[in-house]
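J.: Below is one structure. I have some questions about it.
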Amino acid sequence: MGDVAGLREAWGAVERWLAVHAPRTREAVARPGGEAAVAEVEAAVGAALPEDVAEWYRLAGGVRFEVFHLAGQLIPPWYDPYPVDEAVDMWRMRQEVLADFVPAEDQEQLEGFLRDISALPAGTPGPEHDLPVWIPAWWPFAGDGGGGGLLIDLRAGPGRGSVLSFDRESNPRGPLWPSLTALWSDVAHRLPTPNGAVPDPVAEVWNPSSE
């Protein structure tokens, strides 16, 4: 279900570090959407979010830069969490592109294939050698600016809430983290010593090390 207390602690550490060392990035973190944001996501996917995922949307609204080239990456190596509206758009777009790509005579076969993937336990990677697909239980959480990103797996099973990676050319891989709490705990752990050294405060956008 997710460790809500751990999520709050980890995200709080991230915010405090950014406020000192990367205030411009901190300013780009959108205001939290609160319960309305949680309700919007849950309405889209038709299921309750893991508790730590819901809590994060109560605390933060994703990263929104007014100028694209200023975008820093909060999540190593190159991901930024989507604002809720962008996540909803990405979630819908991935499914629509797949439906448009497959010929009408193959739609029934596609639907059966997607049902089979949806029935697998959460945390199971996507099929390796098939065309990229998308199921409603994959929630896009963060993007890399090039059509790839991180998703939260909302399928049933002990791995529900795990974080996988995706891109435009292959199916999701991972999981990279067992939960969103684990993701932000990892980021918070890296902050004090990116590249092995405590950084000086900076005014510009910060990009955490993935080393």
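Residue numbers for the sequence shown follow the numbering used here, so the first one is 13 and each next one is one higher.
Here a beta-carbon is modelled for each residue, glycine too, at the ideal position from N, C-alpha and C.
When you compare only the Cα positions, how much space is there between residue 68 and residue 144?
T.: The residue labelled residue 68 in the question sits at position 56 within the sequence shown. The residue labelled residue 144 in the question sits at position 132 within the sequence shown. Going by the C-alpha atoms only, they are around 28 Å apart.
J.: Count the other CB atoms, across all protein chains shown, that sit within 10 Å of the CB of residue 41; report buried if there are 16 or more and exposed otherwise.
T.: The sequence position of residue 41 within the sequence shown is 29, counting from 1. That one is buried.
J.: Check whether the segment 160-175 and the segment 145-152 touch, using three or more Cβ-Cβ pairs below 8 Å as the test.
T.: Verdict: yes, contact present.
J.: Any idea what DSSP makes of residue 53, helix, strand or coil?
T.: Indexing the sequence shown from 1 puts residue 53 at position 41. Helix.
J.: Which complete beta strand (DSSP E) runs does the segment 126-198 hold, if anything under 3 residues is left out?
T.: Segments of the beta strand (DSSP E) lying fully in the segment 126-198: 150-155, 161-165, 175-178, 185-189.
J.: Could you pull the start and end residues of the alpha helix (DSSP H) that residue 15 belongs to?
T.: For the purposes of this step, residue 15 is identified with residue 3 of the sequence shown, where counting begins at 1. Run containing residue 15: none; DSSP gives neither H nor E here.
J.: Could you give the distance in angstroms between the alpha-carbon of residue 214 and the alpha-carbon of residue 200?
T.: The residue you call residue 214 lines up with position 202 of the sequence shown. The residue you call residue 200 lines up with position 188 of the sequence shown. Residue confidence for residue 214 is low, a pLDDT of 41 falling below 50, so the modelled location carries little weight; the figure read from the coordinates is stated next. Roughly 17 Å between the two C-alpha positions.
J.: Could you tell me whether the segment 85-94 touches the segment 43-52, using the rule of 3 or more Cβ pairs below 8 Å?
T.: The segment 85-94 is not in contact with the segment 43-52.
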